[in-house]
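Working notes, beginning with the structure itself.
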Amino acid sequence: MLAQTKADEFALGHVLVCRNWGDALAIRDPSKNLALLPRPPKRWFALTEILDSEFRSVSMVFGEGDDPLLIGAELDHVLQLRSEDALSFFEDVMGLSQEFLKVTGGQNIGIKLEKISTDNCSAFHVDYVPMRLITTYLGQGTEWLHDEDVNRAGLGKQRNDLVMQPLAEIQRVPAQTIAILKGERFPGGSGRALVHRSPSVKSKRDERLLLRMDAIEE
Ligand SMILES: [Fe+2]
Numbered sequence: 167m168l169a170q171t172k173a174d175e176f177a178l179g180h181v182l183v184c185r186n187w188g189d190a191l192a193i194r195d196p197s198k199n200l201a202l203l204p205r206p207p208k209r210w211f212a213l214t215e216i217l218d219s220e221f222r223s224v225s226m227v228f229g230e231g232d233d234p235l236l237i238g239a240e241l242d243h244v245l246q247l248r249s250e251d252a253l254s255f256f257e258d259v260m261g262l263s264q265e266f267l268k269v270t271g272g273q274n275i276g277i278k279l280e281k282i283s284t285d286n287c288s289a290f291h292v293d294y295v296p297m298r299l300i301t302t303y304l305g306q307g308t309e310w311l312h313d314e315d316v317n318r319a320g321l322g323k324q325r326n327d328l329v330m331q332p333l334a335e336i337q338r339v340p341a342q343t344i345a346i347l348k349g350e351r352f353p354g355g356s357g358r359a360l361v362h363r364s365p366s367v368k369s370k371r372d373e374r375l376l377l378r379m380d381a382i383e384e
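167 is the number of the first residue of the sequence shown in this note's numbering; add one for each residue after it.
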């Protein structure tokens, strides 16, 4: 085959680089454990207002037949934002919830918006969920490793040096790009989950605003 683009090469491995949500449905393929939907970061004023507030986290469950407006109403109730673009931010979360619900095949999803102020997940690990959507609205995105850079026997020991192969390169999801990670509980996916970690948070300047959605096991 003649020269391929980098994106084509990428899509041949365990990673899907998606142009749209339809492409992301292929995350269910057993050979894939990460789908990336790149999108240019938006500068909502609401995001800095949240980061500067006392807010810690808000969680809710969303399922088929539920009104997505309830997500916006809960965010509005908890966050009490003054920024004029708050509604546009809520609409983004509502839209992602509806799309992720389709990717999970209609499984209920747990939604959590969280301010990350500590280094609590800095060891490379796998998640014990079927599938997780992550997007970092503000701050550094999630770090991950290509499967060929991982020594899975080293997982669970809180030692990055045991998990990373000697020449491993740490990859990073850009801010606001959507990442769908397969976890260990994906049917038939045991031993094949994406290895990842949270970037380091050393000071207030490194704080992140993270949206996480988990497919809930039935
Ligand atoms: Fe994780």
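Even glycine gets a Cβ: it sits at the ideal position worked out from N, Cα and C. These numbers come from a predicted model, not from an experiment.
- Residue environment analysis places Ala239 among the exposed positions, since fewer than 16 neighbouring C-beta atoms fall within 10 angstroms of its C-beta.
- When secondary structure is reduced to three states using DSSP, Thr302 falls in the strand class.
- Secondary structure of Leu191 (DSSP, three-state): helix.
- Taking non-hydrogen atoms of ligand 1 into account, the C-beta of Asp233 is found less than 7 Å away from none of them.
- Between the C-alpha atoms of Leu375 and Ile344 there is a straight-line separation of about 14 Å.
- Beyond the five residues adjoining it in sequence on each side, Gly320 comes within less than 6 Å, by CB distance, of Leu328 and Val329 in the same chain, given in chain order.
- When the Cα atoms are used, Asn199 and Leu304 turn out to be separated by approximately 24 Å.
- At a Cβ-Cβ threshold of 8 Å, Arg351 and Lys278 do not count as neighbours.
- When only Cα atoms are considered, Asn317 and Gln324 end up about 13 Å apart.
- Taken from the Cβ of Asp380, every heavy atom of ligand 1 lies 7 Å or farther away.
- Distance between Pro196 and Ala341, taken at the CA atoms: about 27 Å.
- Among the bridge pairs identified by DSSP, Ala381 is matched with Ile275.
- Under the three-state reduction of DSSP, Val227 is assigned to strand.
- About 6 Å separates the beta carbons of Ser288 and Ser366, which is inside the 8 Å limit, making them a contact pair.
- If you check the C-beta of Asp195 against ligand 1, you find no heavy atom less than 7 Å away.
- Taking C-alpha positions only, Gln273 is separated from Ala190 by approximately 16 Å.
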